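Residue numbers (the numbering used here): 2 to 239.
Note that CB positions come from ideal geometry on N, CA and C, so glycine has one too.
The model shown is predicted, which means the values in this text are computed figures rather than measured ones.
These notes are about the structure you will find just below.
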């Protein structure tokens with residue numbers, strides 16, 4: 002009897018924060034408590050700007066605007082991104098080489114489909130997924146009444162179900178952390194970052210309605226993560 006092959010999925014998410022004014026007064030006060038302590042107006046404004054910029058990092062103040070998944074065995078990518086409509090699929094399109102399928106959904110539908118894929122996945126590969134992507138997706142799903150199909154936040158030092166490359170490349174925070182772009186340059190991997198688009202620009206792109214550009218960027222992110230994973234697997238995995 003043939004042995005069932007392991008299904009490995011590399012994934013990454015892009016998020017966009019709300020405005021501070023969208024939150025309740027008590028929430029705003031909580032997030033601005035450090036800024037409000039400042040007597041210097043310049044420093045206060047800087048801390049206020051930082052607080053608003055960091056809203057993209059929290060599942061209670063930000064939404065998922067793209068989820069990219071790379072199927073390791075088939076070497077194909079699927080990128081879900083937020084539709085401007087409230088219906089199901091707004092559109093589906095492919096990259097020029099046919100290796101990336103882009104599909105537009107509502108945020109809740111994206112999450113439902115992501116967890117459906119995860120239900121049949123044996124191992125996920127991420128970059129900083131333990132500290133950001135996975136807890137964000139789980140808490141955001143709970144907020145939208147979507148039940149996660151699996152918990153990839155298990156034992157930190159077990160790579161059987163989750164390989165977090167940032168954990169592996171820093172030997173679980175024993176050495177300095179660098180961002181994805183830095184590791185890509187260090188290992189001669191094509192970086193997803195460009196002069197126009199980087200992770201820091203996602204918020205501006207979303208506000209400008211350029212969700213397709215976010216989807217393309219997310220697709221490049223997961224391919225770069227996969228190539229770094231192959232380096233780890235070939236030279237650093239024990």
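Member of the options whose CA lies at the smallest distance from the CA of residue i
i: residue 194; options: 178, 210, 215, 175; result: 215
i: residue 80; options: 104, 60, 97; result: 104
i: residue 290; options: 118, 113, 168, 124; result: Because the chain here runs from 2 to 239, residue 290 falls outside it and cannot be looked at.
i: residue 123; options: 174, 152, 209; result: 152
i: residue 157; options: 23, 213, 135, 112; result: 135
i: residue 138; options: 159, 161, 180, 113; result: 113
i: residue 145; options: 155, 111, 56; result: 111
i: residue 108; options: 43, 93, 22, 141; result: 141
i: residue 130; options: 22, 58, 19, 84; result: 58
i: residue 147; options: 115, 125, 33, 155; result: 115
i: residue 74; options: 237, 227, 211, 48; result: 227
i: residue 24; options: 41, 35, 56, 43; result: 56
i: residue 237; options: 171, 182, 206, 183; result: 171
Alpha-carbon to alpha-carbon, residue j and residue i
i: residue 10; j: residue 45; result: 43 Å
i: residue 63; j: residue 53; result: 11 Å
i: residue 232; j: residue 50; result: 38 Å
i: residue 77; j: residue 225; result: 13 Å
i: residue 208; j: residue 149; result: 28 Å
i: residue 125; j: residue 163; result: 5 Å
i: residue 65; j: residue 166; result: 21 Å
i: residue 30; j: residue 36; result: 10 Å
i: residue 47; j: residue 100; result: 43 Å
i: residue 210; j: residue 190; result: 30 Å
i: residue 106; j: residue 97; result: 21 Å
i: residue 38; j: residue 22; result: 19 Å
Host alpha helix (DSSP H) of residue i (start-end)
i: residue 216; result: 212-236
i: residue 111; result: 108-120
DSSP state of residue i mapped onto helix, strand, coil
i: residue 25; result: coil
i: residue 204; result: helix
i: residue 142; result: helix
i: residue 173; result: coil
i: residue 184; result: helix
i: residue 103; result: strand
i: residue 61; result: coil
i: residue 36; result: helix
i: residue 239; result: coil
i: residue 2; result: Note that residue 2 scores 45 on pLDDT, short of 50, meaning its location in the model is unreliable and no value can be drawn from it.
i: residue 93; result: strand
Endpoints, beta strand (DSSP E) assigned at residue i
i: residue 127; result: 124-127
i: residue 47; result: Counting along the chain, residue 47 falls outside any beta strand (DSSP E), though it belongs to the alpha helix (DSSP H) covering 42-54.
i: residue 156; result: First-last for residue 156: undefined, no H or E at that position.
i: residue 133; result: Premise fails: residue 133 is in no beta strand (DSSP E) and is neither H nor E.
i: residue 12; result: 9-18
i: residue 79; result: 77-83
i: residue 98; result: Where residue 98 is concerned, there is no enclosing beta strand (DSSP E), given that its DSSP letter is neither H nor E.
i: residue 165; result: 163-165
Rounded distance between the beta-carbons of residue j and residue i, thought under 8 Å
i: residue 127; j: residue 13; result: 7 Å
i: residue 203; j: residue 15; result: 5 Å
i: residue 223; j: residue 71; result: 4 Å
i: residue 8; j: residue 121; result: 6 Å
i: residue 229; j: residue 188; result: 6 Å
i: residue 69; j: residue 220; result: 5 Å
i: residue 212; j: residue 83; result: 6 Å
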